[in-house]
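J.: One structure coming up, written as structure tokens, with questions to follow.
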Amino acid sequence: MDLTTTYLGLKLENPFMPGASPLPDELDNVKRLEDAGAGAIVLRSLFEEQISREQVSTFFSTESHGESFAEARSFFPSPEQFRLGPEEYLDHVRRVKQSVKLPVIASLNGTTLGGWLDYARLMEQAGADALELNVYQLATNPDVAAAEIEDRTIEMVKAVKGAVKVPVAVKLSPFFSSLAHFARRLEAAEADGLVLFNRFYQPDIDVEALQAQRSLHLSNSGELPLRLRWLAILSGKVKPSLAVSGGVHTSLDAVKAIMTGAHAVQVVSALLQRGPGYIKTLREETAAWLEAHEYASLQQMLGSMNLTSCPDPAVYERANYMLILQSWRTQ
Ligand SMILES: Cc1cc2nc3c(=O)[nH]c(=O)nc-3n(C[C@H](O)[C@H](O)[C@H](O)COP(=O)(O)O)c2cc1C
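First residue of the sequence shown? That's 6 in our numbering, and the numbers climb one at a time after it.
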């Protein structure tokens, strides 16, 4: 079965790839991912705060961080707590590139325009075939309007695009108030791909100790429908290629994501639970599913469930909302 896809302009053997995570930190795992037939590899992120700490950059004086930053800085992990420092990260990109033939996507994670974005160019020089820019930010400041956050993100994307020749994907959160419009703005800023979505870390509360409880829960397939909805809405409406990230645990999850328009399928939690070899299972089961359902290729299925033909997805969404609420019957 022909599973080939084009993501960020890169021709991939298949859409399956590990999303940004610690999995490819070990070259052994990188090899196992290649043996399992991953289409590409996304490396963990290098964070703005890591780079800024080492570089004395504009980060410390940017308005968005203001005076409270000195105090806030104490919340951040110390340099030793990061698995890879900025220079080690670049070395790691070089090593991964030398050890496999797969396209390697390096990841930058931050929220402000600043000198740290120079690392985009250094990642490209280290051999990255593409970059993923993760704009992970919770909009908590009541004085900052949505438009300001969007403008800042667009400026970051433009800065990165202006610095590198390799394609750039932007990993988004689902919390933009007009995501479809923002996607269009990202397209105008020449983003090559959109990754839907990053997953917010949600602390719980320890009611005895009266403190926030930090724990990282892996995802489950229940997180997929939010991604499917936005893939279906954006598919065919924007030029950047689309990747799903979040909630892909089975080949059927992947089939749904591809049907709704995902050119690439990023998997993290399932690989952390089942190991890098699980890529092979996902790949083979998806191929078998396509064959059993008489598709000639993955390409034929891609985006077949998009909402482009729907006259008004917002009306469709609202109608479904009402129907589903009315369908509930109490016992
Ligand atoms: C342990 C762990 C580390 C992660 N590190 C990163 C990271 O460095 N950069 C990033 O953009 N996302 C990171 N993520 C988020 C994943 O790339 C992914 O978006 C998220 O886990 C949802 O996908 P999943 O449902 O397949 O796990 C991490 C997730 C986990 C579980």
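Glycine included, every Cβ here is placed at the ideal spot set by N, Cα and C.
Return yes when the C-beta of P27 is under 7 Å from any heavy atom of ligand 1, and no when it is not.
T.: At least one heavy atom of ligand 1 is nearer than 7 Å to the Cβ of P27, so yes.
J.: Would the beta-carbon of P23 fall within 8 Å of that of H268?
T.: It is not a contact, given that the beta carbons lie outside the stated cut-off.
J.: According to DSSP, simplified to helix, strand and coil, what is S57?
T.: S57: helix per DSSP, three-state reduction.
J.: Taking the C-alpha atoms as reference points, what is the distance between D258 and V149?
T.: Answer to the nearest angstrom: the Cα atoms are 37 Å apart.
J.: Please report the residue range of the alpha helix (DSSP H) in which Q142 lies.
T.: Unbroken run through Q142: none, as it is neither H nor E.
J.: Using the DSSP secondary-structure output, state which residues sit across from T10 in a beta bridge.
T.: L17.
J.: Assuming contact is defined by CB atoms lying nearer than 8 Å, are V165 and A125 in contact in what I supplied?
T.: In contact: V165 and A125 (Cβ atoms closer than 8 Å).
J.: Quick check: what's the CA-CA separation for W235 versus I263?
T.: C-alpha separation (whole angstroms): 12 Å.
J.: Leaving aside the five residues before and after K102 along the sequence, list all residues of the same chain whose C-beta is less than 7 Å from its C-beta, in chain order.
T.: Result list for K102: V109 and G132, in chain order.
J.: Looking at ligand 3, does it come within less than 7 Å of V273, judged from the CB to the closest heavy atom?
T.: Ligand 3 is absent from the structure shown, which contains only ligand 1.
J.: Would the beta-carbon of L223 be found less than 7 Å away from any heavy atom of ligand 1?
T.: True, at least one ligand heavy atom lies under 7 Å from that Cβ.
J.: Per DSSP, what kind of secondary structure is A324 in: helix, strand or coil?
T.: Reduced to three states, the DSSP call for A324 is helix.
J.: Would you kindly report the start and end of the unbroken beta strand (DSSP E) that includes Q218?
T.: Looking at the DSSP string, the run of the beta strand (DSSP E) that includes Q218 is Q216 to Q218.
J.: Run the CB neighbour count on Q218, radius 10 Å, all protein chains shown included, and call it buried at 16 or more, exposed below.
T.: Exposed.
J.: With a cut-off of 8 Å on the beta carbons, I'd call L223 and L277 a contact; round off their distance for me.
T.: Between L277 and L223 the Cβ distance is about 6 Å, and since that is below 8 Å, they are a contact.
J.: Flag this pair as touching only if the stretch 115-124 and the stretch 37-49 have three or more C-beta atom pairs under 8 Å; answer yes or no.
T.: No, the stretch 115-124 does not touch the stretch 37-49.
J.: Taking the C-alpha atoms as reference points, what is the distance between Q305 and G90?
T.: One C-alpha to the other measures close to 43 Å.
J.: Would you list the residues sitting across from F52 in a DSSP beta bridge?
T.: In the DSSP output, where bridge partners are listed per residue, F52 has N114.
J.: Can we say the stretch 318-335 touches the stretch 283-294, given the rule of at least three CB pairs closer than 8 Å?
T.: No, the stretch 318-335 does not touch the stretch 283-294.
J.: Using three-state DSSP, classify E359 as helix, strand or coil.
T.: Past the boundaries of the shown model lies residue 359; the chain is included only from 6 to 336, so the question cannot be answered.
J.: Report whether the distance from the Cβ of V253 to the nearest heavy atom of ligand 1 is below 7 Å.
T.: Checking the Cβ of V253 against ligand 1 gives yes.
J.: What is the rounded straight-line gap between the Cα of D96 and the Cα of F202?
T.: So the two alpha carbons sit approximately 28 Å from each other.
J.: For Y12, tell me which candidate among M310, G198 and F52 has the shortest Cα-Cα distance.
T.: Nearest C-alpha to Y12: G198.
J.: Would V98 and L136 qualify as a contact pair, given that the criterion is a beta-carbon distance under 8 Å?
T.: No, Cβ-Cβ distance for V98 and L136 is not below 8 Å.
J.: Enumerated in chain order, which unbroken segments of the beta strand (DSSP E) with a length of 3 residues or greater are wholly contained in the stretch 257-325?
T.: Fully enclosed beta strand (DSSP E) runs of 3 or longer: 269-272.
J.: For my contact list, L312 and Y321 are in at a C-beta cut-off of 8 Å; report their separation, rounded to the angstrom.
T.: Contact holds; Cβ gap of about 7 Å.
J.: With hydrogens ignored, establish whether the beta-carbon of W31 is closer than 7 Å to any heavy atom of ligand 1.
T.: Just to set this straight, residue 31 is Glu in the shown sequence, not Trp. Because no heavy atom of ligand 1 lies under 7 Å away, the Cβ of E31 does not count as near it: no.
J.: Can you list, in chain order, the residues of its chain whose CB lies under 8 Å from that of G280, leaving out five sequence neighbours each side?
T.: Closer than 8 Å at the Cβ level, and outside the excluded window around G280, lie R37.
J.: Where does the unbroken alpha helix (DSSP H) through K166 begin, and where does it stop?
T.: Counting along the chain, the alpha helix (DSSP H) containing K166 begins and ends at A151 to A168.
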